[in-house]
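K.L.:
Chains as they are written, first to last, in our numbering: chain A, 39 to 466; chain B, 39 to 466. This is the structure, below, for whatever I ask next.
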């Protein structure tokens, strides 16, 4: 008997998370002998708990195709609802109950490491409860921090290539700005996302692989502080009269009033001040030994939601990995996450594979030491060789209507509920 | 006898300031019977004072053509050196001296209202000193705050259309983000540039002329404060569960530690905190009556230096107005700024005209009252009709080489100096 599928997104979005969604949907459609209805859960796992399910099969085909160039998670929503605590046993049981009620046999979870942990636990619990359920993960994070230090589980996560392209192009633009304004605003400080790892900050170097731009990168993995930053900046000002500084959002984190997200991680966007502001204040008050002022730029969520900088390579891989997840679900059963691995050789080529959810769950990957230069201000050529192919060539083909971007828009109408109302543990 | 020309840029850049530079250069080339060498002053008027002049005639033709899609002012530099005070008489005299030494008969100054004041004074002083000099202004500012309240001096300034396009597309992207993340980050706060006027903030509305997005605009011309903002946001959260807030950089300015630029204006990018941060802190600490957190985004200089969002209409007009300035210089003599005016009728068409520098100097234009809705949170359809044509259709044709943007790069080599070294008054 055919079973239905649920697909859900989790955590912060990427410019290509919907390409993975499209891959999952089209993958499911191609296995119509196994998979019946395809539902999307509205706002990630919260939608499962609240039984808020959208029938994807009835959405216009055109909207599904538009997912490819629709950034962030406005199509089906995402959330940061954490499902780890022992005290959330009720939530886990509710999930199983909802799956049972809607004859769900396949659950595709698009997310980062926290989400793969949830996916693993749901998969285990279903087994315990005797529910025939295949849970398959689809990797997603701009941070590129999912996986192992040897890049054997996954070469890179979908989303990272687009965040990297955003930063490469941004630094090119800011270089024009900084070069032009250097006599009055010699230092441009920019803050890049990346909770624990410096992959996004590092991608700024892709703007300038030949190192012509006075660019300093303060990655999460290095131990610079305000004083060493000011020293480095002043040295560069003496040499070239200007400096572009990219700081990881957690730079000198002691000074930030921290906020936390639903996963218990620091939520830098909601903090009382920003790393960029702390640096700007320090430089302008005590640190700057040159005429002019430092200015701060905090793109915040813009870097993970900007359609125009989505990498074509990233879009395609995000789509493929979504499709691969369905293939894995059908062919290999529960407990896997689809992965992207790089073929050996000098030209960039990837293949899609799988890794056990358990292994990925709560994994964390940092920028390897040997990709950071000795002064802790730059990345090596090896990093450039790794990251450059990910940003691709050319612009994404965003559809324009009446001068504006035309994004996918589903009809958000929930299918009939079959269970009594439920209040998720964390909302009580 | 032929005279030489100097072109210079002044103040904060725009994504199309170089298109005006290209227009001036090509205009000068087309009047080769009047104009000899074309020099660019490196970093605005500072380059004149320091006698740092670049020979444009000897730059590769290809680089001049690339100016069209090169954002910000990295090609010839700009500055915020103020030339107003009586005590800077020496600087004014130095300018005349440099012009005399290099046989300068034409001075093209690309800038905002402050710069038109400088241009006017230089023009007057040259007349007094018996130097045959034609000074012509080329308008430039993303703020659209140059001109008169009736839009009779100038309909809009080159640069504004691109800043407007940046914000229109940005809000479209952030809407996808906010819609997707609303259950954990229901409020996205973004800070728009615009020192005294709300034209840029207002342009966010172009993302959503039909008003489908829960978007609130806090323009400089309205008198909202943190408390009324929180009330408005909470009302929207109750209605739709999410809210996108765009605040003018000077919102509730009392809370910002102010920094000042060389013109004596507040330099928000260098201030101790930002309007967005003040709003985020207020909402997260006392104001937010919903689950989740507000996050802050401060694009800063990115909004005036991003090539990808340059409006094709704006690029073309910026180029034309630069060319027009040369025509005015030759045909009408000194003391004018080239302008853009809109033809009557329902389809968008412009023509290029002129206004006296004296009239433009230090003019300031605010968003007219009748373009702001009564609740002070939105603009009217009249504003949309005014601004929508300025963002154009389609993407600019930025040249890509090796996966990166290829911008114009001049050979920065100064022509032989003819005068003793000089230290500008403000650097002493």
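The C-beta atom is built at its ideal place from N, Cα and C for all residues, glycine as well.
Looking only at C-alpha atoms, which of A/464, A/453, A/462 and A/466 sits nearest to residue 91 of chain A?
P.N.:
A/453
K.L.:
Whose C-beta lies closer than 7 Å to the C-beta of residue 135 of chain A among residues of the same chain, with five residues either side of it excluded?
P.N.:
457
K.L.:
For residue 299 of chain B and chain A, any beta-carbon pair shorter than 9 Å?
P.N.:
yes
K.L.:
Hey, would you say residue 317 of chain B sits closer than 9 Å to residue 227 of chain B, going by beta carbons?
P.N.:
yes
K.L.:
Quick one: is residue 39 of chain B buried, meaning 16 or more other Cβ sit within 10 Å of its Cβ, or exposed?
P.N.:
exposed
K.L.:
Between the region 186 to 214 of chain B and chain A, which residues of the former have a C-beta closer than 8 Å to a C-beta of the latter?
P.N.:
206, 207, 208, 210, 211, 212, 213 and 214
K.L.:
To which residues does DSSP link residue 439 of chain A through a beta bridge?
P.N.:
A/442
K.L.:
When you compare the CB of residue 39 of chain A with every CB in chain B, is at least one pair closer than 9 Å?
P.N.:
no
K.L.:
Please classify residue 196 of chain A: is it buried, with 16 or more other beta-carbons within 10 angstroms of its beta-carbon, or exposed?
P.N.:
When all chains shown are included, residue 196 of chain A counts as buried.
K.L.:
Where DSSP assigns a beta bridge to residue 298 of chain B, which residues make up the other side?
P.N.:
B/304
K.L.:
In whole angstroms, what separates the C-alpha of residue 394 of chain B from that of residue 375 of chain B?
P.N.:
6 Å
K.L.:
Return the chain-ordered list of same chain residues with a C-beta closer than 7 Å to the C-beta of residue 157 of chain A, the five sequence neighbours on each side being excluded.
P.N.:
147, 173, 175 and 395
K.L.:
Within 9 Å (strictly less), CB to CB, does residue 431 of chain B reach chain A?
P.N.:
yes
K.L.:
I'd like the list of long-range same chain contacts for residue 336 of chain B, defined as Cβ closer than 8 Å, with 5 residues on each side in sequence excluded.
P.N.:
228, 229, 312, 314 and 315
K.L.:
Jot down the residue ranges of each uninterrupted beta strand (DSSP E) in the region 122 to 176 of chain B, minimum 3 residues, whole runs only, in chain order.
P.N.:
142 to 149
K.L.:
In chain A, which residues lie with their C-beta within 7 Å of the C-beta of residue 343 of chain B?
P.N.:
211, 212, 214 and 215
K.L.:
Return the residues of the region 384 to 399 of chain B that lie within a Cβ-Cβ distance of less than 7 Å from chain A, sorted by chain order.
P.N.:
none
K.L.:
Is there contact between the region 356 to 371 of chain A and the region 256 to 266 of chain A, where contact requires at least three CB pairs shorter than 8 Å?
P.N.:
no
K.L.:
Given that residue 117 of chain A touches chain B, what residues does it touch there, using C-beta distances under 7 Å?
P.N.:
221 and 222
K.L.:
Got a sec: which bits of the region 70 to 88 of chain B sit with their beta carbon under 7 Å from any beta carbon on chain A, in order along the chain?
P.N.:
Residues passing the 7 Å Cβ filter: 81 and 84.
K.L.:
Note down, in chain order, every chain B residue with its Cβ under 9 Å from the Cβ of residue 340 of chain A.
P.N.:
208, 211, 212, 215, 228, 335, 337 and 340
K.L.:
Within 9 Å of any Cβ in chain A, is that where the Cβ of residue 105 of chain B sits?
P.N.:
For residue 105 of chain B, the answer is no, since every Cβ of chain A falls outside 9 Å of its Cβ.
K.L.:
Which residues, in order along the region 427 to 452 of chain B, keep a beta-carbon less than 8 Å from a beta-carbon of chain A?
P.N.:
429, 430, 431, 432, 433, 438, 441, 442, 443 and 445
K.L.:
Taking 9 Å as the CB-CB limit, is residue 244 of chain B close to chain A?
P.N.:
Residue 244 of chain B counts as touching chain A.
K.L.:
By the 10 Å Cβ neighbour count, where 16 or more other Cβ atoms means buried, how is residue 387 of chain A classified, buried or exposed?
P.N.:
exposed
K.L.:
Would you mind sorting residue 178 of chain A into buried or exposed? The rule is 16 or more other CB atoms within 10 Å of its CB.
P.N.:
buried
K.L.:
Helix, strand or coil for residue 246 of chain A per DSSP?
P.N.:
coil
K.L.:
Whose Cβ in chain B lies nearer than 9 Å to the Cβ of residue 458 of chain A?
P.N.:
Neighbours of residue 458 of chain A on chain B: none; closest Cβ ~21 Å, over 9 Å.
K.L.:
Residue 285 of chain B versus chain A: which residues are under 7 Å apart at the beta carbon?
P.N.:
Result: empty, since nearest Cβ-Cβ is about 14 Å, beyond 7 Å.
K.L.:
Residue 97 of chain A versus chain B: which residues are under 8 Å apart at the beta carbon?
P.N.:
Residues of chain B passing the Cβ test: none, with the nearest at roughly 16 Å.
K.L.:
At the 9 Å Cβ level, is residue 176 of chain B part of the contact set with chain A, yes or no?
P.N.:
With 9 Å as the cut-off, residue 176 of chain B does not count as an interface residue toward chain A.
K.L.:
For residue 419 of chain A, count the other beta carbons within 10 Å of its own beta carbon; 16 or more makes it buried, fewer makes it exposed. Which is it?
P.N.:
exposed
K.L.:
Throw me the rounded Cβ distance for the residue 57 of chain B and residue 106 of chain B pair, which I believe falls under 8 Å.
P.N.:
5 Å
K.L.:
Nearest CA to the CA of residue 344 of chain A: which residue from B/161, B/216 and B/117?
P.N.:
B/216
K.L.:
Would you mind stating whether residue 307 of chain B and residue 334 of chain B have Cβ atoms separated by less than 9 Å?
P.N.:
no
K.L.:
Give the list of continuous beta strand (DSSP E) stretches no shorter than 3 residues that lie fully inside the region 391 to 453 of chain A.
P.N.:
none
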